[in-house]
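Remarks on the structure that follows.
Residue numbers (my numbering): 725 to 859.
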């Protein structure tokens with residue numbers, strides 16, 4: 725016999741950690757738009773995913789790295805006034821992450837240097853992963 729809590733057991737077992745929450749939010753947001761770093765940090769604040777600056781920075785670096793490593797997103801710049809397309813940086817993933825680290829960690833107190841200078845966009849594999857999340 726199942727108790728009244730039985731339907732909710734799967735939800736508890738499937739609780740996501742901060743990395744998964746941020747990753748999933750970025751994949752879902754990416755279906756509608758290119759994502760500036762400002763959006764990444766807004767998700768962390770809204771979802772209360774990090775307790776301090778160091779944790780926030782580590783979360784961002786880990787999550788972006790995982791999305792790039794898994795081939796789900798590209799990282800780069802927006803050219804012109806449109807945010808419809810990211811022009812990928814012509815860098816290896818390691819070099820791109822060095823750039824993100826320099827801007828986001830090295831100049832953390834200067835958000836003008838990264839909020840709208842680091843952009844993410846889904847690629848076809850990312851679009852497929854986002855559709856899978858939507859069910």
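We put the beta carbon where it would ideally sit given N, CA and C, even for glycine. Only a predicted model underlies this, so the values are computations on that prediction, with no experimental measurement involved.
A straight-line Cα-Cα distance of about 11 Å links residue 803 and residue 843.
Comparing alpha carbon positions, the residue from 846, 834, 799 and 836 closest to residue 823 is 799. For the pair residue 833 and residue 742, the Cα-to-Cα distance works out to about 23 Å. Looking at 746, 754 and 745, the one whose alpha-carbon comes closest to that of residue 855 is 754. Per DSSP, the continuous beta strand (DSSP E) segment holding residue 799 begins and ends at 797-801.
Looking at 762, 829, 848 and 791, the one whose alpha-carbon comes closest to that of residue 782 is 829.
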